[in-house]
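Input: a single structure, listed below in structure tokens.
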Amino acid sequence: MNRLRLLSFNIQAGIESRCYRDYVANSWKHLIPHRGRQRNLASIGALLRGFDMVALQEVDAGSLRSAFIDQSQYLAHQAGYPYWLSQVNRALGHFARHSNGLLSRIRPGAVTEHRLPGLPGRGAMVVEFPTSAGEPFAVCVLHLALGRRAQRRQLDYLVEVARHYRMIVLMGDFNCGCGSRMLRAAIAAAGLRGLDCELKTFPSWRPERNLDHILVSPELRIRGAQVLDYALSDHLPISMEVELPQGLSLIEADARGVVSA
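For the sequence shown, numbering that gives the first Met the number 0 assigns the number 0 to the initial residue and increments by one for each residue that follows.
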């Protein structure tokens, strides 16, 4: 496989939001299960079927509020992905298990979980995929903090992670957009591409800010990127198609199964 269709989506634990008032009106949904969550997750699962890899943020890894359903696993089954991974970043007993997730149609290799600097609860998951060249293609799923000081430290950390790979994709909710000097400095330091100020993802009902990004190393060719108009969360999903260097491809194993980090 030489081309990849990528998607990044902050799903807000499966909670649909249509306006700012919903943050208050739906606050109870962050604590206890409700039928609407599963209906919304089914709609999200239908959206995810057209991609090769999907990065998820604000996923619940199985707690009271999600009816003890690991949402990454559930969406993988709904959308027909044979492989799924989950990184729990904040576990609040039986009440909530905040996580990042990755769904893939290609069997992953090594998986590394990173606890990002700052207060506990923010993480990045780096998944390596073997290639025909013998070097890995890496995908980093991340969700950054809201505060500028923590963001600066986390971006510096991710720059060092990116420098370990010739081919890497960083996907997730950066909680900062084109106006962030820190983000632009980090992108320049890591030599990444893909920042597009027109790809606005937040809030989903009236997108004004580009908080979600897919950034790639220069060796990867960007074939196109867009925001999808599916308001199933408070963020809109962002997609990108990338092409690996000529003559290089991902190694697709014949075996099929579920992988959980």
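Using N, Cα and C, we set each Cβ at its ideal position, and we do this for glycine too.
Owing to the predicted nature of the structure, the values given are computational and were not obtained by experimental measurement.
Note the first and the last residue of the continuous beta strand (DSSP E) segment covering residue 59. Start and end: 52–59.
Cα separation between residue 98 and residue 131? So the two alpha carbons sit approximately 31 Å from each other.
Beta-carbon proximity list for residue 218, same chain, < 7 Å, skipping 5 on both sides: So the qualifying residues of the chain are 165, 166, 244.
Candidates 34, 202, 198, of which the one nearest residue 213 by Cα: The residue with the shortest Cα to Cα distance from residue 213 is 198.
Per DSSP, residue 168 forms a beta bridge with which residues? DSSP lists 138, 215 as the beta-bridge partner residues of residue 168.
Grouping DSSP H, G and I as helix and E and B as strand, with all else coil, what is residue 198? DSSP, reduced to helix, strand and coil, places residue 198 outside both helices and strands of the structure shown, so it counts as coil.
On the three-state DSSP scale, how would you describe residue 222? Here residue 222 sits in strand by DSSP.
Can you give me the C-alpha to C-alpha distance between residue 262 and residue 186, rounded to a whole angstrom? Given a span of 0 to 260 for the chain in the structure shown, any question on residue 262 remains unanswerable.
What is the DSSP secondary structure of residue 103, reduced to helix, strand or coil? DSSP places residue 103 in strand when its eight states are reduced to three.
Going along the chain, which residues of its own chain have a beta-carbon closer than 8 Å to the beta-carbon of residue 241, five neighbours each way excluded? Its chain contains 2, 3, 5, 168, 215, 219, 220, 221, 222 as the residues whose beta carbon lies nearer than 8 Å to that of residue 241, once the 5 sequence neighbours on both sides are disregarded; these appear in chain order.
Which residues in the same chain have their Cβ closer than 7 Å to the Cβ of residue 152, if we skip the five residues on either side of it in sequence? Correct list, in chain order: 116, 117.
Please confirm whether residue 60 and residue 69 have their CB atoms less than 8 Å apart. Yes, these two residues count as a Cβ contact at 8 Å.
Using only the alpha-carbon positions, how far apart do residue 312 and residue 48 sit? The structure shown does not extend to residue 312, since the chain spans only 0 to 260, so no value can be given for it.
Which residues share a DSSP beta bridge with residue 122? The partner list for residue 122 (beta bridge, DSSP) reads 114.
Contacts around residue 253, its chain only, beta-carbon distance under 6 Å, and the 5 residues preceding and following it disregarded: Note on residue 253: pLDDT 48, under 50, position unreliable in the model; no value is reported.
Under the three-state DSSP convention, the category residue 0 falls into: Coil.
DSSP has residue 95 in a bridge; who is on the other side? Residue 95 is bridged to 91.
Which residues in the same chain have their Cβ closer than 6 Å to the Cβ of residue 174, if we skip the five residues on either side of it in sequence? In the same chain as residue 174, and ignoring 5 residues on each side of it, the C-beta atoms closer than 6 Å to its own belong to 143, 145, 210, in chain order.
Which partner residues does residue 208 have in the DSSP bridge list? Partner(s): 201.
Taking the CB atoms as reference points, tell me whether residue 140 and residue 102 lie closer together than 8 Å. Not closer than 8 Å, so no.
Nearest-angstrom Cβ-Cβ length linking residue 8 and residue 55, presumed shorter than 8 Å: Going by Cβ atoms, the distance from residue 8 to residue 55 rounds to 6 Å, so yes, they are a contact pair.
Residues of its chain near residue 88, where Cβ-Cβ distance is below 7 Å and the 5 sequence neighbours each way are ignored: 97, 98, 99, 120, 121, 122.
Where the alpha helix (DSSP H) through residue 71 begins and ends: For residue 71, the uninterrupted alpha helix (DSSP H) run begins and ends at 70–78, by DSSP.
With DSSP as the reference, identify every bridge partner of residue 86, one or two as the case may be. Looking at the DSSP output, residue 86 sits in a beta bridge with 99.
Closest to residue 15 by C-alpha separation, out of 232, 251, 236, 248, would be which residue? When each option's Cα is compared against that of residue 15, the closest is 232.
Roughly how many whole angstroms lie between the Cα atoms of residue 58 and residue 189? Residue 189 has its alpha-carbon roughly 27 Å from the corresponding atom of residue 58.
Given a cut-off of 8 Å, decide if residue 63 and residue 33 are closer than it, judged by their beta-carbon atoms. The Cβ atoms of residue 33 and residue 63 do not sit closer than 8 Å to each other.
Nearest-angstrom Cα distance between residue 225 and residue 202? For residue 225 and residue 202, the distance between alpha carbons rounds to 16 Å.
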